[in-house]
Structure formats: C-alpha cells, structure tokens
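Below is one structure, written out as structure tokens, with a few remarks after it.
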Amino acid sequence: MTLPLQNITVVEASEGVAGAFCGRMLAAFGADVIKIERPPGGDPTRVAEPVLPNVTASEASALHLHLNMGKRSALLDWHTEHGSKSLKRLIQDADVLLEDWNTAMLERMGLANGVESLNPCLVNLSLTPFGAGGPYSDWTTTPLVSLALGGFLYLSGDEDREPLVIPGRQPEYLAGLHGYGGLMMALLERQRTGRGKRVSVSEIETLAALHQFTTVMHTYGGVVRSRHGARWENKGNYGRYPITILPCKDGYVSYAVSTEGQWDLLFPMVGQPELLEDPRFETFEVRREHADDIDAIIIDWMKDKTRQEVFEYAAGDWSEPASPLLNLSETLSDEQLAHRNFFSDVEHPDAGTLTYPTVPFRMSAT
3 MTLPLQNITV VEASEGVAGA FCGRMLAAFG ADVIKIERPP GGDPTRVAEP VLPNVTASEA
63 SALHLHLNMG KRSALLDWHT EHGSKSLKRL IQDADVLLED WNTAMLERMG LANGVESLNP
123 CLVNLSLTPF GAGGPYSDWT TTPLVSLALG GFLYLSGDED REPLVIPGRQ PEYLAGLHGY
183 GGLMMALLER QRTGRGKRVS VSEIETLAAL HQFTTVMHTY GGVVRSRHGA RWENKGNYGR
243 YPITILPCKD GYVSYAVSTE GQWDLLFPMV GQPELLEDPR FETFEVRREH ADDIDAIIID
303 WMKDKTRQEV FEYAAGDWSE PASPLLNLSE TLSDEQLAHR NFFSDVEHPD AGTLTYPTVP
363 FRMSAT
C-alpha cells in the first residue's frame, strides 16, 4: 500500500506530548519519523503513568507506547556539542524538523535565526506553550495551566463554585493536531516554491481559538461567559434551552436544542405536542425562565428508558441533538467507532496486544 507521506523524513526532537502526537500521525501516514531521545532515560513519556505490569520498564508506559508507534528511535543528547552536531547532520537530510525548543535552546544549537543555513528545504514545526515571541514565549506550562490561561477552566463547573479541572492532556493533543495541519500546508507550499518554512504553533492559541462566538458576546454585547454547570441558560440574549444533561433509567443524556426547528420537534418527541402552544415555552427567553419545567417534562419521559433507547429514538428517529454520556469502556465498544475501525489492536514485542485509538480522520484507498 502506498501511503501519502512515505517519502517524507521527520526528525522529532520534541519532548512533549504535542510533538509526539503530531509525529505519531505523520508516521501513521507513512513518514519515516526518527524520534530523538536524550540519555540516560530517553523520552520523558517513558516514565509517564499508567505503566503496564510485567513489561520492561523503558517500554511500560502506555502513553509512550501510544505516542511513538511506527517511529524509529535514536539516543542523542543535543544539549552537548557532539550531540548537537549529530542532530544537525540528521536535519540536513530531513524534510521536517519537529521541536519544542525555547529561545535559549535555539541559541545553544546556533539556530536562533532559523534552520535555512542547514537545510533550505526543511519545514521546521515548532510546538511550544506560547509560540515564538511575546512576553511568555520562553515559559513552560502544563495542560491545567494551558486550560486556565486559554479561558476554559473559567467556564467549567457551577457558577457559584470554583472551576472544575478538565482531565487529560487535551491542550497538548489539540496543539499536535493543529501542528499537523500547519505542517501539511508548509509541505504543500514547498512543492510550489522548493523552499522550507518555519511553522510556529502556540498551545495557548489553539485553546483561545475555540472560544468562537463567546468573544463576540463580549465585544458586541458586553457579556462575559461564565460557568453554568450542566445547564445553559440565562445568558443575556445568547441563551438557548434545553442545552443540558439530564438523568434517565441507567445514566445521563445530553441535549443541545439550539434552533427553533429542533424545539418544534422536542415536545412531539416526548408525546406532548400540545405543549408547543404553552405560553411558558413560546420563545427562547421565556423557556430559560421555565427551565425547571422543561427538565421535569423530559426527565419524566426518560425515567423508564435507557440511554441507548433515548439516543436511538431522539437522534435516530427524530433527528434531535441528544446523546448518552458514555464511560471509557462504553466508548471503546461504541458501534459507530467500531464501524470506522477507530480503535485498533497493536502488537508489541514486550507488552503484547494493546488497543489504541488511530488517527481521527480517514482517507479513501489509504
């Protein structure tokens, strides 16, 4: 099988999850990704939890195994003079350099002014917390810090309580995905010009870019979006309802009724079409004022139904935006993800068979 990136050589000198995830997607589509690891312990993800039992320590991290599938590995300390020279030789023959270096590291490498002198055709993808330039550019961060600075922790939780932590490494994966897209654009331009390009991705900016309409709420309406728990209501002229999470027989179902067309189907779906004429529900504004009444009607309808029954009926039969809240075990066995072969089994010489997510898109005949 011919893969679209099989003639692309990537030197991955990144020690963060964002760079490793980007490199993993490149490898999945055929690129020869050379993962540079610094001695003595190698890449930091090798010791990241959770770890698999009865597996060689350096190969026991589930995160490391996931992020570095399909890559080659080279042990090289680019912080030393000898290692720096060796890395530069690799860069001279590569198509892509993937790194997460700050200004001090670039100066130490003698690359503060770019890599054109080493390889004018090279595409240099830089994935850092704050991007190149600016007062924070050389500072470090974590997913929690990024979510806070990107404005998303402020939105998570109940309005009268402290913000809630969002679990996982979503900011890093998001930055890696944006980096992959930017890298593809730079490689396309190289086909036209024959020259490389530096692509700088800021993890914080990938989060700030997700605020979409909420920025307009502030600039045009003076509304600062705040926490609203599991219920979206009473937000100036911007609120829609029901956008919420409600209990059913075996768990919870989320609803996102955000258009009049969807609203017109809601009460007929629950068997009470006459409620469309109820003055409590005439407009979005008065619906927000009677959110408790709407919740009670939907909960009463769902009380003897499972999440899957509600999902298939609401989304499948009525085209209403409703979905079950799944735990990880249920996500792994979800029939839609299974149909698209999103999770795949990978054989590892030490760890055995592992189930991991694939890349989040598909290409025909690939």
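For the sequence shown, the residue numbers in the working numbering are 3 to 368.
C-beta atoms are modelled at their ideal positions from N, C-alpha and C, and glycine is treated no differently.
Determine the direct distance from the alpha carbon of residue j to that of residue i, and round the result to whole angstroms.
i: residue 167; j: residue 232; result: 15 angstroms
i: residue 44; j: residue 4; result: 32 angstroms
i: residue 258; j: residue 122; result: 50 angstroms
i: residue 236; j: residue 203; result: Confidence at residue 236 is low in this model, with a pLDDT of 48, below 50, so the placement of that residue should be treated as unreliable; the coordinate-derived value is given next. Their backbone Cα atoms lie some 36 angstroms apart in a straight line.
i: residue 403; j: residue 171; result: Nothing about residue 403 can be reported from this structure: the residues present for the chain run from 3 to 368 only.
i: residue 310; j: residue 289; result: 27 angstroms
i: residue 282; j: residue 267; result: 16 angstroms
i: residue 220; j: residue 227; result: 8 angstroms
i: residue 142; j: residue 26; result: 23 angstroms
i: residue 247; j: residue 153; result: 22 angstroms
i: residue 59; j: residue 316; result: 48 angstroms
i: residue 208; j: residue 176; result: 7 angstroms
i: residue 261; j: residue 215; result: 16 angstroms
i: residue 156; j: residue 133; result: 22 angstroms
i: residue 101; j: residue 90; result: 13 angstroms
i: residue 285; j: residue 212; result: 28 angstroms
i: residue 242; j: residue 336; result: 29 angstroms
i: residue 62; j: residue 355; result: 13 angstroms
i: residue 147; j: residue 210; result: 13 angstroms
Could you spell out the range, first to last residue, of the alpha helix (DSSP H) harbouring residue i?
i: residue 67; result: 64-69
i: residue 93; result: 83-94
i: residue 298; result: 293-304
i: residue 173; result: 172-195
i: residue 222; result: 215-223
i: residue 74; result: Here residue 74 belongs to no alpha helix (DSSP H); instead the beta strand (DSSP E) covers 74-77.
i: residue 202; result: Run containing residue 202: none in the alpha helix (DSSP H); it sits in the beta strand (DSSP E), 199-204.
Figure out for me which residue from the options has the closest Cα to the Cα of residue i.
i: residue 265; options: 89, 144 and 296; result: 296
i: residue 308; options: 262, 289 and 250; result: 250
i: residue 8; options: 81, 73 and 47; result: 73
i: residue 325; options: 285, 253, 351 and 280; result: 253
i: residue 359; options: 315, 75, 347 and 14; result: 347
i: residue 169; options: 149, 186 and 62; result: 149
i: residue 270; options: 306, 261 and 322; result: 322
i: residue 34; options: 96, 68 and 113; result: 96
i: residue 77; options: 188, 135, 184 and 42; result: 42
i: residue 161; options: 189, 192, 101 and 234; result: 234
i: residue 82; options: 101, 40, 62 and 113; result: 40
i: residue 300; options: 277, 287 and 113; result: 277
i: residue 230; options: 224, 223 and 165; result: 165
i: residue 245; options: 263, 193, 223 and 293; result: 293
i: residue 50; options: 36, 38, 67 and 56; result: 67
Taking the Cβ atom as the reference point for each residue, do residue i and residue j lie within a distance shorter than 8 angstroms?
i: residue 24; j: residue 198; result: no
i: residue 303; j: residue 272; result: yes
i: residue 80; j: residue 20; result: no
i: residue 201; j: residue 99; result: no
i: residue 93; j: residue 124; result: yes
i: residue 52; j: residue 17; result: no
i: residue 106; j: residue 140; result: yes
i: residue 173; j: residue 137; result: no
Return the first residue and the last residue of the beta strand (DSSP E) that residue i is part of.
i: residue 36; result: 34-39
i: residue 347; result: 345-350
i: residue 129; result: 125-130
i: residue 19; result: Here residue 19 belongs to no beta strand (DSSP E); instead the alpha helix (DSSP H) covers 19-30.
i: residue 249; result: 245-250
i: residue 359; result: 354-359
i: residue 51; result: Premise fails: residue 51 is in no beta strand (DSSP E) and is neither H nor E.
i: residue 99; result: 98-101
i: residue 326; result: 324-326
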